[in-house]
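One structure is given below, encoded as structure tokens.
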Amino acid sequence: MAQRHDRTVIRFQIDGDLDFDSARLACLGVADELGVDLTIQASVTQRVPKLAGFDMDSTLIDAEVIDELAKITGIGDQVAAITQSAMAGDIDFCESFKRRMALLKGFSEQRLAEIARELPLKEGAYELLAALRALGCKTALLSGGFTYFAKFLQRERLPLDYIHANQLTFAEGALTGEVVEPIIDGDRKRKLLQEIAGSLDLALESVVAMGDGANDIPMLNLGEVGIAIHPKPKVRLQAPQAINLFGLDAALYLFGLNDQQIAKLGV
229 MAQRHDRTVI RFQIDGDLDF DSARLACLGV ADELGVDLTI QASVTQRVPK LAGFDMDSTL
289 IDAEVIDELA KITGIGDQVA AITQSAMAGD IDFCESFKRR MALLKGFSEQ RLAEIARELP
349 LKEGAYELLA ALRALGCKTA LLSGGFTYFA KFLQRERLPL DYIHANQLTF AEGALTGEVV
409 EPIIDGDRKR KLLQEIAGSL DLALESVVAM GDGANDIPML NLGEVGIAIH PKPKVRLQAP
469 QAINLFGLDA ALYLFGLNDQ QIAKLGV
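229 is the number of the first residue of the sequence shown in this note's numbering; add one for each residue after it.
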């Protein structure tokens, strides 16, 4: 048993044959009944990733940027409804992205810096990324959001090695509402993470991905460990593992670290 702040982590080892997927789904039900995070892993061996891929909106930051832009223009509810449908997997992400961008035509470029500065980080985001860097793990932001905000996070707030996101286009200081292809959707995220792993000569077993939305499911199922972060219901059912109650840094326990090892990282 390991205690850190208000968290208690208990690990059990199960021997014998096990239907892994059935056990994983059963864990979700028990977790809901007890009000805890409960997950199952195929191995008890400590496995710190060598590459970690992250979604941005509602994963590394506690906001959906495109919804924040829409609120300022007075169409927040309209855009948020499209975002929620896309993240839940009810509508195609690329189609939803085009619809939302068209609604944001005319948004002032000058407002972006102000919005970027005010974006709240998800609990434990900095601590997890700093710990991964200390462990020698490369980190990549793979987002269906925007490069403007991804670059701001990399430059000002989070230790990120790679960023891939969608480009914003402007004319006369305002958003054009046009989309630059290819849009980074779920399949594109998976492909980019796979390409980064290949460039580093890493086996997929050493890759982890984290995200919250339906467009993260492909990369969550790419490597040895995929962790859904405060996910939508559909994503929680399909992701190998999930963190629902705690911050991102709780993922360190899923990599097999204990409190003493985490403390030595100095984050």
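By construction, the Cβ of each residue, glycine as well, lies at the ideal position given by its N, Cα and C atoms.
Inset, instruction - Give the single residue among E409, E355, L262 whose Cα lies nearest to the Cα of L473. - result: Selected option, being the one with the closest Cα: L262.
Inset, instruction - Consider the Cβ of A393: report whether some Cβ of chain D lies at a distance smaller than 9 Å. - result: The structure shown contains no chain D, having only a single protein chain.
Inset, instruction - Would you kindly work out how many angstroms separate the C-alpha atoms of D283 and V453, rounded to a whole number? - result: If I take the Cα positions, the gap works out to 15 Å.
Inset, instruction - Provide the residue span of the beta strand (DSSP E) that contains Q395, from first to last. - result: Segment: none, Q395 is in no beta strand (DSSP E) and carries neither H nor E.
Inset, instruction - Using only alpha-carbon positions, find the residue among G281, D243, T397, F483 that is nearest to L369. - result: The alpha carbon of L369 has as its nearest neighbour, out of G281, D243, T397, F483, the alpha carbon of G281.
Legend entry - C-alpha gap between V436 and L297, whole angstroms: About 30 Å.
Legend entry - Three-state class that DSSP yields for D189 in the structure shown: The structure shown does not extend to residue 189, since the chain spans only 229 to 495, so no value can be given for it.
Inset, instruction - Would you mind sorting G451 into buried or exposed? The rule is 16 or more other CB atoms within 10 Å of its CB. - result: Counting every other CB atom within 10 Å of its CB across the protein chains shown gives G451 a total of 16 or more, marking it as buried.
Legend entry - Environment of P348 [buried if 16+ CB atoms lie within 10 Å]: Under this definition P348 is an exposed residue.
Legend entry - Given F380 as reference, the closest of I412, L340, Q269 once Cα atoms are compared: Closest option to F380, judged by alpha-carbon separation, among I412, L340, Q269: L340.
Inset, instruction - Apply the 10 Å Cβ neighbour rule to N449 and answer buried if 16 or more other Cβ atoms are within range, or exposed otherwise. - result: Around the beta carbon of N449, a 10 Å sphere encloses fewer than 16 other beta carbons of the protein chains shown; the residue is thus reported as exposed.
Inset, instruction - Classify R339 as helix, strand or coil using the three-state DSSP reduction. - result: Helix at R339.
Inset, instruction - For P410, collect the residues of the same chain with a Cβ closer than 8 Å to its Cβ; drop the 5 residues on either side in sequence, then sort them by chain order. - result: So the list reads R416, once near-sequence residues are dropped.
Inset, instruction - Quick one: give me the first and last residue of the beta strand (DSSP E) that K366 is part of. - result: Under the DSSP assignment, K366 falls in the beta strand (DSSP E) whose first and last residues are 366-374.
Inset, instruction - Inspect the beta-carbon positions of L420 and H392 and report whether they are closer than 9 Å. - result: With a cutoff of 9 Å on beta-carbon distance, L420 and H392 are scored as near each other.
Legend entry - the region 308-316 contacting the region 325-337, beta-carbon criterion three pairs below 8 Å: Here the region 308-316 makes contact with the region 325-337; the two share three or more CB pairs at distances below 8 Å.
Inset, instruction - Look at the Cβ atom of I289, then the Cβ atom of F335, and state whether they are nearer than 9 Å. - result: Not in contact: I289 and F335 (Cβ atoms no closer than 9 Å).
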